[in-house]
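Q: In the working numbering, the protein residues as written are 1309 to 1600. Pasting in a structure now, in C-alpha cells, and then I'll have a few things to ask.
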C-alpha cells in the first residue's frame, strides 16, 4: 500500500494524488489517501478540506489503523505497540519532500511508503498520463450555466486566464511566502498570447473577480467566469476546455492547462512562484510552456 498525505486546496491535492497514484501503479499496489492533516489542526495554514470528491479518482481514504501502521504510532499502549510491530515488520517508510525540485529517489521507492509533500511536477506521474487524465475527469455532465459557458468556449479561440489572489493577497503570512501575479504579468502574458494566437478570447477565472475586472485592462474580448463559487472542479473543467492558457502561480490553474487536450496549446506561466528567489520551482513548469 502507498499512502499520500493530502494538504492544501484542490490543485495541491491533485498533485499529491497523481504522484501517489503513479507510484502505486508502478508497484502494482493500492493507493490510500491520508486525510489526517485536512481533518486536524491547520493552525498557521489556510484551512482546507478534502476536495477530490468531485473527480473520478480510484483511491479510498486510509483508515486510522492504516495510518498508525505507516507512522508506527497510535494512541493507547496496546495499539501503539501493535502499530510499531507491524510498521517494522512491513518495513514502512515515510518519504518526505524536502524542496520543489524533483526528487530522483521517488522513482525507486518500495511498497509501504507514506508520501509527505506537494509533488508539484508532472515528472512524478508522466508515465501514467492517460490514467491521471481519466481519473481527473469531473463527475457528472455539464449542466446549466456551465453547459452554456462550455458552448461559448467552444465557439471561440478560448484562452483561460486565472487570477489567484485570496489568501495570497489578504493573509500576511501567506503573502510573505507566495508571489502575487500583478497586472504587469498579465499584460506581458496577453502580449505572448496575441503574438501566438489568432483572435483570442479570454475567459477569466478568479477568486477576486472585482480586482480582475478593475486591474487587468485586457485588450481583447473577455468573459468573466464567476458563478461556480464552492464548486472549483467545475471551473477546472471549463478551464480545460479552453485552447490556450495564462496561469497564475497556482496549482489550480496549472491543472486547468495540463488537463486540456489541444495539442497546439500556448501556456503562459510565471517564472517565480514564491517571493524568495532561492526557492527553485523550475520543475513545476512543463517543457514547452512560456515562463515570464
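Glycine included, each C-beta is placed from N, C-alpha and C at the ideal position.
Candidates 1420, 1354 and 1324: which alpha carbon is nearest residue 1400's?
A: Working through the chain shown from its first residue, we reach residue 1400 at position 92. If we check each option's Cα against that of residue 1400, 1420 comes out closest.
Q: Spell out the partners DSSP gives residue 1508 in its beta bridges.
A: The residue you call residue 1508 lines up with position 200 of the chain shown. In the DSSP output, where bridge partners are listed per residue, residue 1508 has 1465.
Q: By a C-beta neighbour count over all protein chains shown, 10 Å radius and 16 as the cutoff for buried, is residue 1444 buried or exposed?
A: On the chain shown, residue 1444 is found 136 positions in, with the first residue counted as 1. With 16 or more Cβ atoms within 10 Å of its Cβ, residue 1444 is classed as buried.
Q: Could you check where the alpha helix (DSSP H) with residue 1407 kicks off and where it finishes?
A: On the chain shown, position 99 is the one that residue 1407 refers to. Counting along the chain, residue 1407 falls outside any alpha helix (DSSP H), and DSSP gives it neither H nor E.
Q: Spatial neighbours of residue 1422 within its chain, please: CB distance less than 6 angstroms, with the 5 preceding and 5 following residues excluded, ordered by chain position.
A: As a first step, residue 1422 is located in the chain shown; it is residue number 114 there, counting from the start. Result list for residue 1422: 1311, 1378 and 1402, in chain order.
Q: Is the beta carbon of residue 1578 closer than 8 angstroms to that of residue 1428?
A: Position 120 of the chain shown, counted from the start, is the residue given in the question as residue 1428. Position 270 of the chain shown, counted from the start, is the residue given in the question as residue 1578. The answer is no: Cβ separation not under 8 angstroms.
Q: Run through DSSP, which three-state label would residue 1379 get?
A: Locating residue 1379 in the chain shown gives position 71, counting from the first residue. DSSP places residue 1379 in helix when its eight states are reduced to three.
Q: Does the beta-carbon of residue 1449 have 16 or more other beta-carbons within 10 angstroms, so that it is buried, or is it exposed?
A: In the chain shown, residue 1449 corresponds to position 141, counting from 1. It is exposed - the Cβ of residue 1449 has fewer than 16 other Cβ atoms within 10 Å.
Q: Our contact map puts residue 1555 next to residue 1575 with C-beta atoms below 8 angstroms; I'd like the distance itself, whole angstroms only.
A: On the chain shown, residue 1555 is found 247 positions in, with the first residue counted as 1. On the chain shown, residue 1575 is found 267 positions in, with the first residue counted as 1. That belief holds up - the Cβ atoms of residue 1555 and residue 1575 are roughly 7 angstroms apart, short of 8 angstroms.
Q: Closer than 7 angstroms by C-beta to residue 1517: which residues in its own chain qualify, once you throw out the five before and the five after it? Chain order, please.
A: Numbered from its first residue, the chain shown carries residue 1517 at position 209. The answer, listed in chain order, is 1532 and 1534.
Q: Return the residue from the list 1313, 1585 and 1581 that minimises the CA-CA distance to residue 1473.
A: On the chain shown, residue 1473 is found 165 positions in, with the first residue counted as 1. Residue 1473 has its Cα closest to that of 1581, out of 1313, 1585 and 1581.
Q: Alpha carbon to alpha carbon, how far is residue 1463 from residue 1431? Give it in angstroms, no decimals.
A: Residue numbering aside, residue 1431 sits at position 123 when the chain shown is read from its first letter. Residue numbering aside, residue 1463 sits at position 155 when the chain shown is read from its first letter. Looking at the two C-alpha atoms, the distance is approximately 33 angstroms.
Q: Ignore the nearest five residues each way along the sequence and tell me which others in residue 1608's own chain have a CB closer than 7 angstroms to its CB.
A: In the structure as shown, the chain starts at 1309 and stops at 1600, and residue 1608 therefore has no counterpart that could be examined.
Q: Helix, strand or coil for residue 1500? Go by DSSP, reduced to three states.
A: Numbered from its first residue, the chain shown carries residue 1500 at position 192. Note: residue 1500 maps to helix in three-state DSSP.
Q: Classify residue 1325 as helix, strand or coil using the three-state DSSP reduction.
A: On the chain shown, residue 1325 is found 17 positions in, with the first residue counted as 1. Reduced to three states, the DSSP call for residue 1325 is helix.
Q: By alpha-carbon positions, which one of 1364, 1309, 1529 and 1352 ends up nearest to residue 1460?
A: Indexing the chain shown from 1 puts residue 1460 at position 152. Cα-wise, what sits closest to residue 1460 is 1529.
Q: How about residue 1551 and residue 1570: do their beta carbons lie closer than 8 angstroms?
A: Here the question's residue 1551 lines up with position 243 in the chain shown. Here the question's residue 1570 lines up with position 262 in the chain shown. Yes. Within cutoff.
Q: Out of curiosity, what's the CA-to-CA distance linking residue 1501 and residue 1370?
A: Position 193 of the chain shown, counted from the start, is the residue given in the question as residue 1501. Position 62 of the chain shown, counted from the start, is the residue given in the question as residue 1370. Taking the straight line from one Cα to the other gives about 43 angstroms.
Q: When you compare each of 1599, 1455, 1503 and 1587 to residue 1547 by their alpha carbons, which one comes out closest?
A: Stepping through the chain shown from its first residue, residue 1547 is reached at position 239. Nearest option by C-alpha distance: 1455.
Q: Taking the alpha helix (DSSP H) that residue 1441 belongs to, which residues open and close that run?
A: To locate residue 1441, count along the chain shown from 1; it is residue 133. Counting along the chain, the alpha helix (DSSP H) containing residue 1441 begins and ends at 1437-1443.
Q: The beta strand (DSSP E) with residue 1255 in it runs from where to where?
A: Missing from the structure shown is residue 1255; the chain here goes from 1309 to 1600 and no further.
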